[in-house]
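Protein chains in written order, with our numbering: chain A, 29 to 163; chain B, 3 to 136.
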């Protein structure tokens, strides 16, 4: 029954979108971080989506191929009193753009929502199929 | 009676194609944010004609050379086409969410119509069987 494939496709998209939301969450959480685990300023993370075949030509799911870090320069703030300041008195903050992350978050949650709807449609179609001949 | 059974076969072919189309549309929606993904859809009328003419699931590939594979192994979608781009995106994605959502709703309703038609057909068969058992 190929309608079950729709479940796999939508589920893969939901997984991908929730990974994107995860990246947004860590970016927003670290928007004001000075250093990350490697000692350098935190860099914004973005997920990369790729279409992947799923059981037949018709079904294309999504998967996250890699997580890339933003190449934008760190946000330099002049604060000579800060112990993390360099010799010129600047502190390197993370390069996360909060406005971009917010729009990213809205987009991810909307896409997630749409995929849930697709899944529900497929489910009700399957239930209708079960109803054939029962009337 | 043969007529009734034949009709159900036509409906089930249409139901099969609706299922395939649902997969395609679900894939489009799933890949709405994938860079470079091109939205696809099937030409339902052509696929249905193909199915009625007995060419597999309406999606058999034409073999114009002996070296071609017949494509019978999997579901080969002979009538799968790329959707025309309405608004171009920078990342090369051509999925228009409004179009896809409208199409997937339409497809679901058509599917429901087909299941209802099959149910009615079975009901009339049942009526024919039991009509003289009063």
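Note that beta-carbon positions come from the ideal geometry of N, C-alpha and C, so glycine has one too.
These figures come from a predicted structure and were not determined experimentally.
Nearest Cα to residue 74 (chain A) within the set A:140, A:56 and A:141: A:56. Residue contact with chain B for residue 160 (chain A): present (Cβ-Cβ distance below 8 Å to some residue of chain B). The alpha-carbon separation between residue 95 (chain A) and residue 66 (chain A) amounts to approximately 17 Å. Between residue 45 (chain A) and residue 151 (chain A), the alpha-carbon positions lie close to 21 Å from each other. Residues of chain A with a Cβ closer than 7 Å to the Cβ of residue 26 (chain B) are, in chain order, 86. Counting of Cβ neighbours within 10 angstroms places residue 98 (chain B) among the buried residues, the total reaching 16 or more. The DSSP-derived three-state label of residue 44 (chain B) is strand.
In the structure shown, residue 94 (chain A) falls within a strand segment according to DSSP collapsed to helix, strand and coil.
Beta-bridge pairing by DSSP links residue 88 (chain A) to A:81. The Cβ-Cβ distance between residue 34 (chain A) and residue 146 (chain A) falls below 8 Å. By the neighbour-count definition (other C-beta atoms within 10 Å, threshold 16), residue 128 (chain B) is an exposed residue. In this structure, the beta-carbon distance from residue 53 (chain B) to residue 15 (chain B) falls below 8 Å. Sixteen is the threshold: since fewer than 16 other Cβ atoms of the shown chains lie within 10 Å of the Cβ of residue 66 (chain B), the residue is exposed.
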